[in-house]
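Asker:
Number of protein chains: 2
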Amino acid sequence: MLETLTDVQALSLDVLQFLTQPKPEVLRGFPGSGRRFLAMDGRFVLVATARDPGIYEYAGAMRQATNNHASVTVHTGSSNVTPAQYMQAVAALAPDVWVALSDDVPSDCRPDRAAKAVDRSAAWLSECMSVAAAAPELSGAAVFAAVQGGQYLRERQRCAETMAAQPGVAGFVLAGLGTGESPSQRRQIVEQVVQRLPAAAPRLLCSVGTPEEMLEAVAQGIDMFDMGYLAGVTAGGYALSFPLDPGAQQQQQQQQPMPASSGSASTDKAPAADGSSDADAAADGGQDCSKINLWAVAYRTDKRPLLPGCNCFACANHTRAYLHHLLQAHEMTAQVLLEVHNTHHYLQFFKAIRASIAAGTFAAYHEGFLQRRQRLLMGAGW
Amino acid sequence: MLETLTDVQALSLDVLQFLTQPKPEVLRGFPGSGRRFLAMDGRFVLVATARDPGIYEYAGAMRQATNNHASVTVHTGSSNVTPAQYMQAVAALAPDVWVALSDDVPSDCRPDRAAKAVDRSAAWLSECMSVAAAAPELSGAAVFAAVQGGQYLRERQRCAETMAAQPGVAGFVLAGLGTGESPSQRRQIVEQVVQRLPAAAPRLLCSVGTPEEMLEAVAQGIDMFDMGYLAGVTAGGYALSFPLDPGAQQQQQQQQPMPASSGSASTDKAPAADGSSDADAAADGGQDCSKINLWAVAYRTDKRPLLPGCNCFACANHTRAYLHHLLQAHEMTAQVLLEVHNTHHYLQFFKAIRASIAAGTFAAYHEGFLQRRQRLLMGAGW
Ligand SMILES: [Zn+2]
Ligand SMILES: [Zn+2]
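If you read the sequences in order, they're chains D and Y.
Under full-length UniProt numbering, the residue at position 61 of the first sequence is numbered 61, and the numbers go up by one with no gaps.
Under full-length UniProt numbering, the residue at position 58 of the second sequence is numbered 58, and the numbers go up by one with no gaps.
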């Protein structure tokens, strides 16, 4: 259904949700395996990952893992899984890309635990790849290795080097981030890991989501992201509204100096008919110049679409006031419409980033984005 | 969104949900009022009704009503509403059809309470119509009067006669049913009420929903229904599967006498590849020859669509096994897909009924439907 409402082309799928309910045998029973079961045959690039950032619990998982199995959080609770069991589910899903099982530890684990995670993850990668080599469903699939190591640069470096040395690995996942490390720690980890990976191999960064974080990661050489941030934003009742084209907006603002009351996180040019503005909404807690919270009373009578100018299904058909009402009434249509808009907005964002890379202007795009954000925050009195 | 996935043409809307959140003023702020707010402008026939059968609580409401106000259940709790307040919300919604506020009592209320409900409902109808006459938003809208009276034939008759005598009423709602009366009591009430109403005026029957109940009601002269049954079926994880064309299926069965194991509540002609059948599912509690319950383990590996032959969005893209999985994982997509199928199936059912009425063959359609249902139940060993 997503496909009919946005232009999604790739989907990431949590392998762990297919260990027990449904069992891999159920998926295998379908011609085309999991792809057909999930109605994704031929339409999406399917990336099978080993962790749903939305439901993962680090603390218990870390304690219960052994050299033989990981402990993982699935929708029925926590569960142990061996590399062989994990690969059964991967094979049943028949993805285009799969991530090897790794010993997933958070940034603030102890250094010896981080070292153990690196050793186990390397061993499990080999084991997963042996199983894959014998699975016909995975003959055309690419494997990504997960780089662990917590906040410890030495362990991260060691893990990156070990994983990069493994023949047959097509890409890499920078895992275990977004778990308590500081922004500068993360920046260092990403830098140290990326420089140890083959230049041409794609890199996926976990648990990073704000537009500023993504732009910084792209600048550091990251190619792919998971969508945990989007899910969280949608669950909170937010619609993303950060401007995709800082250049155009910049020009507009040079023409008309910006008083606090005309501040706009959206690309809306005309003030709202009822005199309300995004800056008013900011004062009411309704927005932060990057997203708006539809729970805020500021939107109770707002006749504008979630993001004026957006051409997603939600914005083409509905108003902020209606979304506010749906949230108040606990109608699940609220989440559906917000997810449609937020997914669409991030896809447009990625499109803009790719275009700027292709045109050789990414650095300027990045800089313009940060500058505009700062101006908006100042204009709105933050 | 519903419109893009099925061919819905009319929607009924619970006025009571628009008394406080959002307030009528919010709706009025939109050009085109509530229709624009709800993104229904020009696309649906909008019927504003006074009771959401899904959340209505009779007991408390009945005790708290007075001659001046009804007590109603809304999504924020229970609330008192006067006819004037009710009409403010109706006017803000700007529907095509609106139902007058009535004193809604259940079948098993005491006779004196039922009599009081009839008196109040008649008085409130007049009051509602006076307000409507002064409201420009309602100049083109039709008013339906609600017939109350509990299980008491004398009160039902008196109410029908009073309401039918009120000039300007376009149609009638047989209200307060599905609240404990027996099938034969309901049959008598419908018969007695309908024969007292103007022959050409449309009649809406509340809280009746199974295909057999609907066919009987149509035979008695009912034209419209609310969709509380569909909502309940969907919430329970059911997909409707009763056959729409008893004639065609009848013929098929004459050709091949029906052993228990080939019983099929669907129009599926080929047995499933894994050898399972609907009769097996019946034995597992998965179906009752009218609907299937996707929670049942019988569907864990079932590769068929919800209803083979159905051309709704859900059936065109997904399998029973996938729906079973979505329910297990508590994914709201399960409810969305089931609602799409169930709405589509009932719309097809109504289409078949209308076609048989137009062809003068409704009685045969009705009879064939009941006969086939009985054969199916016997065949499945019920
Ligand atoms: Zn949008
Ligand atoms: Zn269907």
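By construction, the Cβ of each residue, glycine as well, lies at the ideal position given by its N, Cα and C atoms.
(1) Are the beta-carbon atoms of R186(D) and A92(D) separated by less than 8 angstroms?
(2) Answer yes if the segment 349-369 of chain D comes into contact with the segment 329-341 of chain D, meaning at least three C-beta pairs across the two stretches below 8 angstroms, and no otherwise.
(3) Can you look up K291(D) in the DSSP assignment and give me helix, strand or coil?
(4) Within the continuous alpha helix (DSSP H) that includes L174(D), where are the two ends?
(5) Can you tell me which residues form a DSSP beta bridge with L205(Y)?
(6) Please classify V74(Y): is it buried, with 16 or more other beta-carbons within 10 angstroms of its beta-carbon, or exposed?
(7) So for F44(Y), helix, strand or coil by DSSP?
(8) Relative to ligand 2, what is the chain-ordered list of residues with a Cβ closer than 6 angstroms to any of its non-hydrogen atoms?
(9) Using a beta-carbon distance below 8 angstroms, is M332(D) in contact with chain Y?
(10) Taking the alpha-carbon positions, what's the S207(D) to Y229(D) distance?
(11) Please classify E161(D) as buried or exposed, where buried requires at least 16 neighbouring CB atoms within 10 angstroms.
(12) Could I get the ranges of all uninterrupted alpha helix (DSSP H) runs contained in the segment 124-177 of chain D, with 4 residues as the minimum, in chain order?
(13) Looking only at its own chain, which residues have a Cβ that is under 6 angstroms from the Cβ of C159(Y), when we skip the five neighbours before and after it?
(14) Who pairs with Y238(Y) in a beta bridge, going by DSSP?
(15) Counting pairs of Cβ atoms below 8 angstroms between the segment 121-139 of chain Y and the segment 86-102 of chain Y, do you hit three or more?
(16) Do L338(Y) and A239(Y) come within 8 angstroms of each other at the CB atom, strictly closer than that value?
(17) I need the DSSP call for F362(D), collapsed to helix, strand or coil.
(18) Chain Y partners of Y322(D), CB-CB under 8 angstroms?
(19) With distances taken Cα to Cα, identify the nearest neighbour of E212(Y) among G180(Y), V47(Y) and Q371(Y).
(20) Could you name the residues of the same chain whose beta carbon sits closer than 7 angstroms to that of T82(Y), not counting the 5 residues immediately before and after it, in chain order?
(21) Could you tell me if M378(D) is buried or exposed, where buried requires 16 or more neighbouring beta carbons within 10 angstroms of its beta carbon?
(22) Using the three-state DSSP reduction, which class does T301(Y) fall into: helix, strand or coil?
(23) Should N293(D) go down as buried or exposed, given a rule of 16 or more other Cβ atoms within 10 Å for buried?
(24) Under a Cβ-count criterion, where at least 16 other Cβ atoms within 10 Å of its own Cβ denotes burial, should I357(Y) be classed as buried or exposed?
(25) Should V169(D) be labelled buried (16 or more other beta-carbon atoms within 10 Å of its own) or exposed?
(26) Taking Cβ positions, are L174(D) and V190(D) nearer each other than 8 angstroms?
(27) Determine the extent of the alpha helix (DSSP H) in which G34(D) is found, giving its start and end residues.
(28) Going by beta carbon distance, what residues of the same chain come within less than 6 angstroms of G171(Y), once the five residues before and after it are set aside?
(29) With a threshold of 6 angstroms on Cβ separation, who are the neighbours of E181(Y) within its own chain once the five nearest residues in sequence on each side are excluded?
(30) Sort L101(Y), S79(Y) and R156(Y) by Cα distance to S130(Y) and report the nearest one.
(31) Have a look at G309(Y) and Y86(D) and give me their C-alpha separation to the nearest angstrom.
(32) Can you find a CB in chain D that lies within less than 8 angstroms of the CB of P308(Y)?
(33) What does DSSP give as the partner residue(s) for residue 403(D) in the beta ladder?
(34) What number of angstroms, rounded off, separates the C-alpha of A165(D) from the C-alpha of V193(D)?
(35) Among residues of its own chain, excluding the 5 on either side of Q9(D), which ones have a beta-carbon nearer than 7 angstroms to its beta-carbon?
(36) Within 10 angstroms of its Cβ, does K291(D) collect 16 or more other Cβ (buried), or is it exposed?
Answerer: Reading it off the structure:
(1) Translated into positions along the first sequence, residue 186(D) becomes position 186. Translated into positions along the first sequence, residue 92(D) becomes position 92. In this structure, R186(D) keeps its C-beta atom at 8 angstroms or more from the C-beta atom of A92(D).
(2) No, the segment 329-341 of chain D does not touch the segment 349-369 of chain D.
(3) Residue 291(D) sits at position 291 when you count from the first residue of the first sequence. Residue state, collapsed to three classes: strand.
(4) As a working mapping, residue 174(D) is identified with position 174 in the first sequence. Per DSSP, L174(D) is not a residue of any alpha helix (DSSP H); the beta strand (DSSP E) it occupies stretches across G171 to L174.
(5) Taking the first residue of the second sequence as 1, we reach residue 205(Y) at position 205. For L205(Y), the pairing in a beta bridge is given by DSSP as L174(Y) and F225(Y).
(6) Counting from one through the second sequence, the residue named residue 74(Y) turns up at place 74. V74(Y) should be labelled buried.
(7) If you number the second sequence from 1, residue 44(Y) lands on position 44. Reduced to three states, the DSSP call for F44(Y) is coil.
(8) That gives L306(Y), L307(Y), C310(Y), C312(Y), A314(Y), C315(Y), H341(Y) and H344(Y).
(9) Taking the first residue of the first sequence as 1, we reach residue 332(D) at position 332. Chain Y contact via Cβ: present.
(10) Counting from one through the first sequence, the residue named residue 207(D) turns up at place 207. Counting from one through the first sequence, the residue named residue 229(D) turns up at place 229. Distance between the alpha carbons of S207(D) and Y229(D): 7 angstroms.
(11) Translated into positions along the first sequence, residue 161(D) becomes position 161. Note on E161(D): under 16 other CB atoms within 10 angstroms of its CB, so exposed under the neighbour-count rule.
(12) Correct list: 153-165.
(13) Locating residue 159(Y) in the second sequence gives position 159, counting from the first residue. Excluding residues within five positions, the ones whose Cβ falls inside 6 angstroms are V118, V147, Q148 and G149.
(14) The residue given as residue 238(Y) occupies position 238 in the second sequence. Paired residue(s): N293(Y).
(15) Judged by Cβ distances under 8 angstroms, the segment 121-139 of chain Y makes contact with the segment 86-102 of chain Y, as three or more pairs qualify.
(16) Taking the second sequence and counting its residues from 1, one reaches residue 239(Y) at position 239. Taking the second sequence and counting its residues from 1, one reaches residue 338(Y) at position 338. Contact flag set, yes.
(17) Translated into positions along the first sequence, residue 362(D) becomes position 362. F362(D) falls in the helix class under three-state DSSP.
(18) Residue numbering aside, residue 322(D) sits at position 322 when the first sequence is read from its first letter. Among the residues of chain Y, those whose CB is under 8 angstroms from the CB of Y322(D) are F37, L38 and A39, following chain order.
(19) Walking along the second sequence from the start, residue 212(Y) turns up at place 212. Nearest C-alpha to E212(Y): Q371(Y).
(20) What you label residue 82(Y) is simply residue 82 of the second sequence in a count that begins at 1. Correct list, in chain order: N68 and H69.
(21) Walking along the first sequence from the start, residue 378(D) turns up at place 378. It is exposed - the Cβ of M378(D) has fewer than 16 other Cβ atoms within 10 Å.
(22) Translated into positions along the second sequence, residue 301(Y) becomes position 301. When DSSP states are grouped into helix, strand and coil, T301(Y) belongs to the coil group.
(23) Residue numbering aside, residue 293(D) sits at position 293 when the first sequence is read from its first letter. In the assembly as shown, N293(D) is a buried residue. Its beta-carbon has 16 or more other beta-carbons within 10 Å.
(24) Mapped onto the second sequence, residue 357(Y) falls at position 357. In this structure I357(Y) is exposed. Its beta-carbon is surrounded by fewer than 16 other beta-carbon atoms within 10 angstroms.
(25) The residue you call residue 169(D) lines up with position 169 of the first sequence. Per the 10 Å Cβ criterion, buried.
(26) Translated into the one-based positions of the first sequence, residue 174(D) becomes position 174. Translated into the one-based positions of the first sequence, residue 190(D) becomes position 190. The answer is yes: Cβ separation under 8 angstroms.
(27) As a working mapping, residue 34(D) is identified with position 34 in the first sequence. Segment S33 to F37, the alpha helix (DSSP H) holding G34(D).
(28) Counting from one through the second sequence, the residue named residue 171(Y) turns up at place 171. Spatial neighbours of G171(Y) in its own chain (CB-CB distance under 6 angstroms, excluding positions within 5 residues in sequence) are listed in chain order as F144, A201 and P202.
(29) The residue given as residue 181(Y) occupies position 181 in the second sequence. Cβ neighbours of E181(Y) within its own chain (closer than 6 angstroms, five residues either side excluded): S107 and Q151.
(30) If you number the second sequence from 1, residue 130(Y) lands on position 130. Measuring from the Cα of S130(Y), the nearest candidate turns out to be L101(Y).
(31) As a position in the second sequence, residue 309(Y) is number 309, starting the count at 1. As a position in the first sequence, residue 86(D) is number 86, starting the count at 1. Rounded to the nearest angstrom, the two C-alpha atoms are 37 angstroms apart.
(32) For the purposes of this step, residue 308(Y) is taken as residue 308 along the second sequence, with counting starting at 1. Closer than 8 angstroms: no.
(33) Any question about residue 403(D) goes unanswered here, given that chain D covers just 1 to 382.
(34) The residue you call residue 165(D) lines up with position 165 of the first sequence. The residue you call residue 193(D) lines up with position 193 of the first sequence. Going by the C-alpha atoms only, they are around 13 angstroms apart.
(35) What you label residue 9(D) is simply residue 9 of the first sequence in a count that begins at 1. Correct list, in chain order: F44 and V45.
(36) For the purposes of this step, residue 291(D) is taken as residue 291 along the first sequence, with counting starting at 1. Counting of Cβ neighbours within 10 angstroms places K291(D) among the buried residues, the total reaching 16 or more.
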